[in-house]
Amino acid sequence: MPTDTASADATIAAKVPVTVLTGFLGSGKTTLLNRILTEEHGKRIAVIENEFGEVGVDDALVVDAEEEIFEMNNGCICCTVRGDLIRILGTLMRRRDRFDHILVETTGLADPAPVAQTFFVDDEIAGQLRLDAIVTLVDARHLVQHLDDDKPDGVENEAVEQIAFADRIVLNKTDLVDEAELDDVIDRIRAINRVAEILPAQHAKVDLDKVLDVGAFDLGRTLEVDPAFLTDSEHQHDLTVTSVGIELAGDLSVPKLNDWLGELLATKGTDIFRSKGILAVGGQDNRYVFQGVHMLFEGTDGQPWGEAPRISRLVFIGRNLDRGALEDGLRGCLVSGR
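In this text, residue positions in the sequence shown follow numbering that gives the first Met the number 0: the first is 0, and each later residue adds one.
This is the structure:
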């Protein structure tokens, strides 16, 4: 007869591993997700995406893949849509033969603890799935700024929470800091989490064997970090952080767009944590993919528009956002605009 240990091991092995991918706004989660979806690792992965904002952009940033991808755009996965997460997981388990790993990508403003809690407090989920690891991406250039962010009383710092609960920390964008800054960032991470393995990276390029199916989540350690982990459902976001989403039909002028975005991020970039968009640019057959983190931004060619309507979608996440000014600014970039 099998020993109790062997029986327990068999039970664990029968459960589908789940990776929770978290990290503050602009840390590189979607870049890592695309690597996971395109590299040869032999796994069939179902993806659950949660996006913060009224206008969805991330769906267009994720590469085409055969994997099943579910989107959750109507709130933050760690609070308002947690019931949706449970329902999607239940739907996935009815298609168990189509995948052998689940990846949950949270918003940049999510506390991973309530997400992880789902795999222990819901009996049906706990019986079929196992939390394999919480993988947190951090932006080496901007992490310290977010760790030192002055939050209102009673509001948690998501960047701190994401590091505290991490089993693996992908220290991304190391090429944007010097050695002394990098050492300081590592010291700050270690002050919050002494045991998680730190994986330095550029463009989220890491050995996927270090982040997938690693069996790294330790409930005992998590309870040391947060003794109320299995019972505490309280979670309060910083309500000063908001999202402005804009959709606009018509082609945009590259010179106008560059001038407007350059001035906007130079003057307001401290308050704009994240900006991203899929833009229709005059004279170009492909979508223009725009990504920004504070004052840093870049643009690349995306998929061809083909027969799809040429509608630009742009999202800003941050503080003190002026919706009217942002809408007017983008409208002013139209080829035929003011």
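All residues carry an ideal CB built from backbone N, CA and C; glycine is no exception.
Just reading off the alpha helix (DSSP H) that Lys353 is part of, what are its end residues?
Any answer about residue 353 is impossible in this case: the structure gives the chain only from 0 up to 337.
Considering only C-alpha positions, which residue in the set Thr135, Thr266, Gly282 and Gly22 is nearest to Pro254?
Taking the first residue of the sequence shown as position 1, residue 254 is located at position 255. For Pro254, the closest of Thr135, Thr266, Gly282 and Gly22 by C-alpha to C-alpha distance is Gly282.
Using a 10 Å radius around the Cβ and a threshold of 16 neighbouring Cβ atoms, would you call Asp131 buried or exposed?
As a position in the sequence shown, residue 131 is number 132, starting the count at 1. It is buried - the Cβ of Asp131 has at least 16 other Cβ atoms within 10 Å.
Identified DSSP bridge partners for Arg167
As a working mapping, residue 167 is identified with position 168 in the sequence shown. Partner(s): Val134 and Glu196.
Between Arg312, Ala13 and Thr106, which has its C-alpha nearest Phe289's C-alpha?
As a first step, residue 289 must be located in the sequence shown, where it is residue number 290. Checking every option, the nearest Cα to that of Phe289 belongs to Arg312.
Collapsed DSSP secondary structure at Arg312 in the structure displayed:
Counting from 1 along the sequence shown, the entry for residue 312 is found at position 313. Three-state DSSP puts Arg312 in a strand.
I'd like to confirm the pairing. Which residues does DSSP put opposite Gln290 in its beta bridges?
For the purposes of this step, residue 290 is taken as residue 291 along the sequence shown, with counting starting at 1. Its beta-bridge partners are Lys275 and Glu297.
What do you get for Ile310, buried or exposed, if any count of 16 or more other CB atoms within 10 angstroms of its CB means buried?
Against the sequence shown, residue 310 aligns to sequence position 311. Exposed.
By how many angstroms is the C-alpha of Val280 removed from the C-alpha of Val334?
The residue given as residue 334 occupies position 335 in the sequence shown. The residue given as residue 280 occupies position 281 in the sequence shown. One C-alpha to the other measures close to 9 Å.
Would a C-beta distance cut-off of 8 Å place Val243 and Phe296 closer than the cut-off?
Taking the sequence shown and counting its residues from 1, the one referred to as residue 243 is at position 244. Taking the sequence shown and counting its residues from 1, the one referred to as residue 296 is at position 297. No. Outside cutoff.
In terms of residue numbering, what span does the alpha helix (DSSP H) encompassing Ala45 cover?
Counted from its first residue, the sequence shown places residue 45 at position 46. Ala45 -> not in any alpha helix (DSSP H); beta strand (DSSP E) instead, spanning Ile44 to Asn49.
Are the CB atoms of Leu91 and Ala45 within a distance shorter than 8 Å?
Translated into positions along the sequence shown, residue 45 becomes position 46. Translated into positions along the sequence shown, residue 91 becomes position 92. Yes, the pair counts as a contact, with Cβ atoms nearer than the cut-off.
From Leu36 to Leu142, what distance separates their C-alpha atoms?
By one-based count along the sequence shown, residue 36 stands at place 37. By one-based count along the sequence shown, residue 142 stands at place 143. One C-alpha to the other measures close to 26 Å.
Counting along the chain, where does the alpha helix (DSSP H) carrying His145 start and finish?
Position 146 of the sequence shown holds residue 145. Counting along the chain, the alpha helix (DSSP H) containing His145 begins and ends at Leu142 to Leu146.
Whole angstroms are fine: how far does the CA of Gln116 sit from the CA of Asp225?
Here residue 225 is taken as the residue at index 226 of the sequence shown, counted from 1. Here residue 116 is taken as the residue at index 117 of the sequence shown, counted from 1. Answer to the nearest angstrom: the Cα atoms are 11 Å apart.
Just curious, the alpha helix (DSSP H) that Thr221 is in, first and last residue?
For the purposes of this step, residue 221 is taken as residue 222 along the sequence shown, with counting starting at 1. Element bounds for Thr221: Leu218 to Val224.
Three or more C-beta pairs below 8 Å linking the stretch 26-36 and the stretch 166-179
yes
Between Gly276 and Gly82, what straight-line distance do the alpha-carbon atoms span, to the nearest angstrom?
Numbered from 1 along the sequence shown, position 277 holds the residue referred to as residue 276. Numbered from 1 along the sequence shown, position 83 holds the residue referred to as residue 82. Computed Cα separation, rounded: 28 Å.
Alpha-carbon spacing of Leu329 relative to Gln302, whole angstroms:
Here residue 329 is taken as the residue at index 330 of the sequence shown, counted from 1. Here residue 302 is taken as the residue at index 303 of the sequence shown, counted from 1. Taking the straight line joining both Cα atoms gives about 21 Å.
Status (buried if at least 16 other CB within 10 Å, exposed otherwise) for Ala324:
Translated into positions along the sequence shown, residue 324 becomes position 325. Exposed.
Give me the Cα-Cα distance between Asp149 and Ile271, rounded to the nearest whole angstrom.
The count along the sequence shown starts at 1 and reaches residue 149 at position 150. The count along the sequence shown starts at 1 and reaches residue 271 at position 272. Roughly 15 Å between the two C-alpha positions.
Inspect the beta-carbon positions of Arg167 and Leu218 and report whether they are closer than 8 Å.
Against the sequence shown, residue 167 aligns to sequence position 168. Against the sequence shown, residue 218 aligns to sequence position 219. For Arg167 and Leu218, no; Cβs fall outside 8 Å.
Limits of the unbroken alpha helix (DSSP H) element including Val15
Within the sequence shown, numbered from 1, the residue matching residue 15 stands at position 16. Not the alpha helix (DSSP H): Val15 falls in the beta strand (DSSP E), residues Val15 to Gly22.
Between the C-alpha atoms of Val120 and Thr18, what's the straight-line distance to the nearest angstrom?
For this step, residue 120 is matched to residue 121 along the sequence shown. For this step, residue 18 is matched to residue 19 along the sequence shown. Roughly 17 Å separates the two Cα atoms.
Taking the CB atoms as reference points, tell me whether Arg43 and Phe98 lie closer together than 8 Å.
In the sequence shown, counting from the first residue as 1, residue 43 sits at position 44. In the sequence shown, counting from the first residue as 1, residue 98 sits at position 99. Cβ distance < 8 Å, so Arg43 and Phe98 count as in contact.
Select from Leu146, Leu88 and Leu260 the residue whose C-alpha is nearest the C-alpha of Asp122.
Position 123 of the sequence shown, counted from the start, is the residue given in the question as residue 122. Looking at Leu146, Leu88 and Leu260, the one whose alpha-carbon comes closest to that of Asp122 is Leu88.
Helix, strand or coil: how does DSSP classify Val120 here?
Numbered from 1 along the sequence shown, position 121 holds the residue referred to as residue 120. DSSP places Val120 in helix when its eight states are reduced to three.
Status (buried if at least 16 other CB within 10 Å, exposed otherwise) for Val137:
As a first step, residue 137 is located in the sequence shown; it is residue number 138 there, counting from the start. Buried is the call here.
What is the DSSP secondary structure of Arg93, reduced to helix, strand or coil?
Looking up residue 93 in the sequence shown gives position 94. Collapsing the DSSP output to three states places Arg93 in coil.
Per DSSP, what kind of secondary structure is Glu178 in: helix, strand or coil?
As a first step, residue 178 is located in the sequence shown; it is residue number 179 there, counting from the start. Note: Glu178 maps to helix in three-state DSSP.
Which residue comes first and which comes last in the alpha helix (DSSP H) that contains Glu326?
Indexing the sequence shown from 1 puts residue 326 at position 327. Its alpha helix (DSSP H) spans residues Arg322 to Arg330.
Proximity to Arg322 [Cα-Cα], best of Leu263, Arg86, His100 and Val292:
Translated into the one-based positions of the sequence shown, residue 322 becomes position 323. Looking at the Cα atoms, Leu263 is the closest of the given residues.
Specify, as a first and last residue, the run of the alpha helix (DSSP H) that Leu247 falls within.
Working through the sequence shown from its first residue, we reach residue 247 at position 248. Here Leu247 belongs to no alpha helix (DSSP H); instead the beta strand (DSSP E) covers Thr241 to Ala248.
Find out if the Cβ-Cβ distance for the pair Val103, Ile47 is shorter than 8 Å.
As a first step, residue 103 must be located in the sequence shown, where it is residue number 104. As a first step, residue 47 must be located in the sequence shown, where it is residue number 48. Yes.
In three-state terms, what does DSSP make of Val159?
To locate residue 159, count along the sequence shown from 1; it is residue 160. DSSP places Val159 in helix when its eight states are reduced to three.
Going by alpha carbons, who is nearest to Leu222 out of Pro113, Trp304 and Asp152?
Indexing the sequence shown from 1 puts residue 222 at position 223. If we check each option's Cα against that of Leu222, Pro113 comes out closest.
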